[in-house]
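Undergrad: Pasting in a structure now, in structure tokens, and then I'll have a few things to ask.
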Amino acid sequence: MTSFFDAALNGLDPVTFVFALAIGLLAGFVKGAVGFAMPMILISGLGSILPAELALAALILPTLVTNGMQALRQGTGAALASARRFWLFLLICGVFLLGSAQLVRVLSTEALFMLIGVPIVGFAVLQLAGWRLRLTVTQRRPAELIMGAMAGFVGGLSGVWGPPTVAYLTAIDTPKQEQIRVQGVVYGVGSVLLLLAHLRTGVLTAQTLPLSVLMLAPALGGMVIGQMLQDRLDQEKFRKITLLVLAIAGLNLIRRSLMS
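In the working numbering, the protein residues as written are 143 to 402.
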């Protein structure tokens, strides 16, 4: 057990390690409340105190496990129904995630973060101001293709694929419970692909895996607390909080682009 903790610390001092656990708790709480933003919080917070590849490795298992819990909260049948409804988004997201993950060591993400962050912030602010994007039935298929591709591409590079997904689900007025479940399904599939992709790239190794395992405890604890809040929110409050978190997520992407 001692050797496992030594491996998990990966050369970190105790203060940095405790700070990492606190970031995991916060990320779990936000995910439990609105169904997304865990990778964004983890990669932003951990990336400020850990090497970039170690931060990316640390978020892989917490993201995978919490997405599975979220997708299956209403049962396997409901999760499968959501997967069938959004099969195209899942397929496109997965293809682009696997492709872009191979570029993680060679492609700069600054411009990509800016290109994703600016429209996401604009969308969220306009929605909060009262403007509502309405997609017709004929518009939904191309929007699903575009947003799925965006989510997968940025997800493979950074582990963050939530904002484009949430923007699309919000634009088609997905009910709260189904939106949370669909996000869990989409992110869950993406998490499995992310794990497989980074086993291949060498980001997730025997040296980085122990920290990812230890990050599970605070992430799961925070998620349970966040779900208690989520259950108390009606559809409109949930929508507004989701848009607020989405705006913060977009601003964070812009910040990362400018600060890199």
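Just so you know, even glycine gets a beta-carbon here, dropped at the ideal spot from N, CA and C.
1) When the distance is taken between beta carbons, is threonine 205 closer than 7 Å to serine 333?
2) Using only the alpha-carbon positions, how far apart do threonine 307 and glutamine 281 sit?
3) Quick check on the DSSP output: the alpha helix (DSSP H) that includes threonine 350 runs from which residue to which?
4) Can you tell me where the alpha helix (DSSP H) with serine 224 in it begins and where it stops?
5) So the candidates are Leu358, Leu167, Asp155 and Gly177; which of them puts its Cα closest to the Cα of glutamine 319?
6) Please go through the same chain and pick out, in chain order, the residues whose beta-carbon is closer than 8 Å to the beta-carbon of leucine 311, but skip the five residues on each side of it.
7) Taking the Cβ atom as the reference point for each residue, do alanine 197 and isoleucine 185 lie within a distance shorter than 7 Å?
8) If you check the beta carbons only, do leucine 232 and leucine 335 fall under 7 Å apart?
9) Please name the residue, chosen from Gln369, Gly294 and Phe255, that lies closest to alanine 391 on a Cα-to-Cα basis.
10) What is the rounded straight-line gap between the Cα of methionine 289 and the Cα of valine 263?
11) For glycine 304 versus leucine 167, is the C-beta distance shorter than 7 Å?
12) Within 10 angstroms of its Cβ, does glutamate 252 collect 16 or more other Cβ (buried), or is it exposed?
TA: With the structure as the only source:
1) Residue 333 sits at position 191 when you count from the first residue of the sequence shown. Residue 205 sits at position 63 when you count from the first residue of the sequence shown. Contact flag set, yes.
2) The count along the sequence shown starts at 1 and reaches residue 307 at position 165. The count along the sequence shown starts at 1 and reaches residue 281 at position 139. Spanning the two alpha carbons is a distance of roughly 16 Å.
3) For the purposes of this step, residue 350 is taken as residue 208 along the sequence shown, with counting starting at 1. No alpha helix (DSSP H) holds threonine 350; DSSP gives it neither H nor E.
4) Counted from its first residue, the sequence shown places residue 224 at position 82. DSSP places serine 224 inside the alpha helix (DSSP H), whose first and last residues are 218 to 227.
5) Taking the first residue of the sequence shown as position 1, residue 319 is located at position 177. It is Gly177 whose Cα lies nearest to the Cα of glutamine 319.
6) Walking along the sequence shown from the start, residue 311 turns up at place 169. Excluding sequence neighbours, leucine 311 sits near Gln321, Val324 and Gln325.
7) The count along the sequence shown starts at 1 and reaches residue 197 at position 55. The count along the sequence shown starts at 1 and reaches residue 185 at position 43. Result yes, Cβ atoms of alanine 197 and isoleucine 185 sit closer than 7 Å.
8) Translated into positions along the sequence shown, residue 232 becomes position 90. Translated into positions along the sequence shown, residue 335 becomes position 193. Against a cut-off of 7 Å, the Cβ pair of leucine 335 and leucine 232 comes out as no contact.
9) By one-based count along the sequence shown, residue 391 stands at place 249. Ranking the options by Cα distance to alanine 391, first place goes to Phe255.
10) As a working mapping, residue 289 is identified with position 147 in the sequence shown. As a working mapping, residue 263 is identified with position 121 in the sequence shown. The straight-line gap from Cα to Cα measures roughly 15 Å.
11) Working through the sequence shown from its first residue, we reach residue 304 at position 162. Working through the sequence shown from its first residue, we reach residue 167 at position 25. No, the pair does not count as a contact, with Cβ atoms beyond the cut-off.
12) Locating residue 252 in the sequence shown gives position 110, where the first residue counts as 1. Looking at its Cβ environment, which holds fewer than 16 other Cβ atoms inside 10 Å, glutamate 252 is exposed.
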